[in-house]
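J.: Pasting a structure here, questions to come.
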């Protein structure tokens with residue numbers, strides 16, 4: 002079983018993407034296929050709630066749009082992702098910050114990391 006996973010992971014193309022972590026604010030540009038013939042690019046900018054590493058790494062991003070919280074999970078090595086940009090680096094102590102969902106207003110902010 003382990004040999005099969007190694008062979009599959011070696012054959013895949015892994016794009017060079019910036020290293021980000023939980024608490025960072027990032028912008029992800031990805032392709033959406035509307036019909037069989039229409040493609041469009043869309044940006045999703047928000048706070049990284051969790052990041053999982055491994056053979057198929059994922060990250061969960063949350064943003065507030067029109068007063069509603071929206072969460073989206075991205076497969077980082079997916080061919081639909083064009084690029085990822087880091088907007089702000091946050092300072093958090095936990096690897097999963099799901100407690101942010103319950104907070105509102107100023108309490109829902111993440112401290113910004115000093116990059117001096």
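Numbering (this note's numbering), first residue to last: 2 to 117. Backbone N, C-alpha and C define an ideal beta-carbon position, used for all residues, glycine too.
State whether the segment 44-54 contacts the segment 20-29, with contact taken as three or more CB pairs (one from each stretch) at a distance under 8 Å.
T.: Yes, since at least three Cβ pairs between the segment 44-54 and the segment 20-29 fall closer than 8 Å, the two stretches touch.
J.: Mind checking whether residue 43 and residue 33 have CB atoms under 7 Å apart?
T.: Contact: yes.
J.: Helix, strand or coil: how does DSSP classify residue 42 here?
T.: Looking at residue 42 - three-state DSSP - the assignment turns out to be strand.
J.: With DSSP collapsed to three states, give me the class of residue 55.
T.: Coil at residue 55, not helix or strand.
J.: How would you write the range of the beta strand (DSSP E) that residue 78 sits in, first residue to last?
T.: Run containing residue 78: none; DSSP gives neither H nor E here.
J.: Quick one: Cα of residue 72 to Cα of residue 31, how far?
T.: Their Cα atoms are separated by approximately 15 Å.
J.: Distance, Cα to Cα, residue 94 vs residue 25?
T.: Residue 94 and residue 25: Cα-Cα distance of roughly 12 Å.
J.: Just to check my reading of the structure: residue 82 and residue 75 have Cβ atoms closer than 8 Å, yes? What is that Cβ distance to the nearest angstrom?
T.: That belief holds up - the Cβ atoms of residue 82 and residue 75 are roughly 6 Å apart, short of 8 Å.
J.: Against chain D, does residue 52 count as a neighbour if the rule is that its beta carbon must be under 7 Å from one of theirs?
T.: You won't find chain D in this structure, because it holds only one protein chain.
J.: Which same chain residues, not among the five before or five after residue 48, have their C-beta less than 6 Å away from its C-beta?
T.: Only 26 and 63 meet the Cβ criterion.
J.: For the beta strand (DSSP E) that contains residue 32, what are its first and last residues?
T.: Its beta strand (DSSP E) spans residues 26-34.
J.: Please state whether DSSP places residue 106 in a helix, a strand or coil.
T.: Helix, per DSSP.
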